[in-house]
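Residue 303 in our numbering sits at position 296 of the sequence shown, with consecutive numbering throughout. First the structure, in the form of structure tokens, and then the observations on it.
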Amino acid sequence: MEGLIVLIIFAILVLIIVAKTAIVVPQQSAYVVERLGRYAGTLDAGFHILVPFIDVVRYKHSLKETAIDIPAQVCITRDNVQVGVDGVLYLKVLNPERASYGISDYHFAISQLAQTTLRSEVGKIDLDKTFEERTNINTQVVSEVDKATDPWGVKVLRYEIKNITPPSDVLAAMEKQMRAEREKRAVILTSEGQRDAAVNTAEGAKQEVIKASEARRQQQINEAEGQAAAIMAVARATAEGIREVAAAMQSPGGAEAVQLRVAEQYITQFGNLAQKTNTMIIPATTSDIGGMIATAMQVVKKTS
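As structure tokens, then:
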């Protein structure tokens, strides 16, 4: 019976020793080991054997990227407006030794640094630009906090602002401003549309006048060309008639035929003049028709 108790005690001691000496470190983790109260080394992922009751795992760190929620805080902008801002900070442990001995609680320290840096950056810009400058604010917070956390073996990767909440009265004023801006843009667009329509109408009227004037000019040119062609045709016909008359006069009996034709035309036109008007134009020598015919023949001969 006593031997069984001793065996059980021995088994318990063996289990305790094994638990103290055999350590399995998970992937993406690091254990900081102290030997008799002093830093002895850092255990990476895998199986490790420690010296029982001498080596102790003092700190356990995750090497994964970690997100820290930065509590909401009140920041004052450059134009003295209070806004509530909160965000998320992403960090990663690069040196487990410095993260263990460089600071007591790097999570809390980094959170406080992020808040103070955020207040400083928001205080440099006006309220209207806080929404536009989110990217720049995030970049500045990461830059400043990363400089401070380098001695702690922690790398700050990025910071993201989640919400920017102005007071209710400021929100109402911003809404009115945005509404006024939209109405202003609507009025401007309407006026620009009317202006463009007026310009297009004027341009259309101008083109219409130009086209009409060009059409009239072309019409006048065509009419002038037509009249010129008609005059030339009449002139050619007249010349041809004169040549025919001249040729006829050169033929036998042609002169007598011309004299007879002139006499007929003279008598006909004189008779028409007597019928159409009450006023009579009587030649000085009405009986000398032969003299008139001779004179006309002289003109015809000269023309020929």
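Beta carbons are placed, not taken as given, at the ideal position from N, Cα and C, and that holds for glycine.
One question on the structure: do residue 145 and residue 113 come within less than 8 Å of each other, judged by their Cβ atoms? Numbered from its first residue, the sequence shown carries residue 145 at position 138. Numbered from its first residue, the sequence shown carries residue 113 at position 106. Cβ atoms of residue 145 and residue 113: not closer than 8 Å.
Continuous alpha helix (DSSP H) stretch holding residue 155: start and end: The residue labelled residue 155 in the question sits at position 148 within the sequence shown. Where residue 155 is concerned, the enclosing alpha helix (DSSP H) stretches over 141-156.
Is it true that the CB of residue 84 sits closer than 8 Å to the CB of residue 134? Mapped onto the sequence shown, residue 134 falls at position 127. Mapped onto the sequence shown, residue 84 falls at position 77. Yes, these two residues count as a Cβ contact at 8 Å.
With which residues is residue 95 paired in a DSSP beta bridge? Residue mapping note: residue 95 aligns to position 88 of the sequence shown, counting from 1. 76 and 167, per the DSSP bridge assignment.
Between the beta-carbon of residue 93 and the beta-carbon of residue 170, is there less than 8 Å? Taking the sequence shown and counting its residues from 1, one reaches residue 93 at position 86. Taking the sequence shown and counting its residues from 1, one reaches residue 170 at position 163. Closer than 8 Å, so yes.
State the DSSP-derived secondary structure class of residue 61, mapped to helix, strand or coil. Position 54 of the sequence shown, counted from the first residue, corresponds to residue 61. The three-state reading of DSSP puts residue 61 in coil, since its state is none of H, G, I, E or B.
Whose CA, out of 242, 37 and 272, lies closest to the CA of residue 107? What you label residue 107 is simply residue 100 of the sequence shown in a count that begins at 1. The residue with the shortest Cα to Cα distance from residue 107 is 37.
Taking only three categories from DSSP, how would you classify residue 162? Counting from one through the sequence shown, the residue named residue 162 turns up at place 155. Residue state for residue 162 is assigned as strand, using DSSP reduced to three classes.
Taking the straight line between their C-alpha atoms, what separation do you get for residue 127 and residue 103? As a first step, residue 127 must be located in the sequence shown, where it is residue number 120. As a first step, residue 103 must be located in the sequence shown, where it is residue number 96. If I take the Cα positions, the gap works out to 30 Å.
So, with DSSP's three-state summary, where would you put residue 179? Counting from 1 along the sequence shown, the entry for residue 179 is found at position 172. Collapsing the DSSP output to three states places residue 179 in a helix.
Please identify the residue among 80, 74 and 47 whose C-alpha is closest to the C-alpha of residue 64. The residue you call residue 64 lines up with position 57 of the sequence shown. That would be 47, whose Cα lies nearest to the Cα of residue 64.
Proximity below 8 Å, CB of residue 95 to CB of residue 74: Position 88 of the sequence shown holds residue 95. Position 67 of the sequence shown holds residue 74. Yes, the pair counts as a contact, with Cβ atoms nearer than the cut-off.
Close beta carbons around residue 39, own chain, < 6 Å, minus the five adjacent residues each side: Indexing the sequence shown from 1 puts residue 39 at position 32. 49, 65, 66, 103 and 107, listed in sequence order.
Give the DSSP-derived three-state secondary structure of residue 5 in the structure shown. Look at the range of the chain in this structure, 8 to 311, and you will see that residue 5 is not part of it.
In angstroms, rounded to a whole number, what distance separates the CA positions of residue 213 and residue 220? Numbered from 1 along the sequence shown, position 206 holds the residue referred to as residue 213. Numbered from 1 along the sequence shown, position 213 holds the residue referred to as residue 220. If you take the alpha carbons of residue 213 and residue 220, they lie about 11 Å apart.
Let me check understanding here. Comparing Cα to Cα, which of 132, 245, 91 and 111 lies closest to residue 122? Sequence index remark: in the sequence shown, residue 122 carries index 115 (1-based). 91 is the residue among 132, 245, 91 and 111 whose C-alpha sits nearest the C-alpha of residue 122.
Tell me residue 312's beta-bridge partners as DSSP assigns them. There is simply no residue 312 to check, as the chain begins at 8 and stops at 311 in what is shown.
Find the nearest neighbour of residue 168 within the set 275, 188 and 79, judged by alpha-carbon distance. What you label residue 168 is simply residue 161 of the sequence shown in a count that begins at 1. Relative to residue 168, the option among 275, 188 and 79 whose CA is nearest is 79.
Could you please give me the residues that DSSP links to residue 29 through a beta bridge? On the sequence shown, position 22 is the one that residue 29 refers to. 56, per the DSSP bridge assignment.
In the DSSP assignment, the alpha helix (DSSP H) including residue 117 goes from what residue to what residue? Stepping through the sequence shown from its first residue, residue 117 is reached at position 110. Where residue 117 is concerned, the enclosing alpha helix (DSSP H) stretches over 113-129.
Please tell me whether residue 149 and residue 125 are closer than 8 Å, where the distance is taken between their beta carbons. Along the sequence shown, one-based indexing puts residue 149 at 142. Along the sequence shown, one-based indexing puts residue 125 at 118. No, these two residues do not count as a Cβ contact at 8 Å.
Residues near residue 130 by beta carbon distance below 8 Å, same chain, minus five either side: Against the sequence shown, residue 130 aligns to sequence position 123. Answer for residue 130: 82, 83, 84 and 85, listed in chain order.
Could you give the distance in angstroms between the alpha-carbon of residue 99 and the alpha-carbon of residue 119? Working through the sequence shown from its first residue, we reach residue 99 at position 92. Working through the sequence shown from its first residue, we reach residue 119 at position 112. Those two C-alpha atoms are separated by around 17 Å.
What number of angstroms, rounded off, separates the C-alpha of residue 209 from the C-alpha of residue 249? By 1-based counting over the sequence shown, the position of residue 209 is 202. By 1-based counting over the sequence shown, the position of residue 249 is 242. Looking at the two C-alpha atoms, the distance is approximately 59 Å.
Status (buried if at least 16 other CB within 10 Å, exposed otherwise) for residue 77: In the sequence shown, the residue the question calls residue 77 occupies position 70. Buried, by the Cβ-count rule.
What residue does the alpha helix (DSSP H) around residue 136 start on, and which one ends it? The count along the sequence shown starts at 1 and reaches residue 136 at position 129. Taken as a continuous stretch (DSSP letters only), the alpha helix (DSSP H) holding residue 136 covers 134-137.
Pull the bridge partners of residue 69 from the DSSP assignment, please. Locating residue 69 in the sequence shown gives position 62, where the first residue counts as 1. Looking at the DSSP assignment, residue 69 forms a beta bridge with 36.
State buried or exposed for residue 142, treating a residue as buried only when at least 16 other CB atoms are found within 10 Å of its CB. On the sequence shown, position 135 is the one that residue 142 refers to. Label assigned to residue 142: exposed.
Residue nearest to residue 137 in terms of C-alpha spacing, selected from 181, 11 and 22: Taking the sequence shown and counting its residues from 1, one reaches residue 137 at position 130. Nearest C-alpha to residue 137: 181.
Host alpha helix (DSSP H) of residue 103 (start-end): As a first step, residue 103 is located in the sequence shown; it is residue number 96 there, counting from the start. Unbroken alpha helix (DSSP H) run through residue 103: 103-108.
Under 8 Å, Cβ to Cβ, is there at least one residue of chain C near residue 90? Note that chain C does not occur in the displayed structure, where there is just one protein chain.
Please state the DSSP three-state secondary structure of residue 252. Counted from its first residue, the sequence shown places residue 252 at position 245. Residue state, collapsed to three classes: helix.
Residue closest to residue 72, alpha-carbon to alpha-carbon, out of 245, 162 and 253: As a working mapping, residue 72 is identified with position 65 in the sequence shown. The shortest Cα separation from residue 72 among 245, 162 and 253 belongs to 162.
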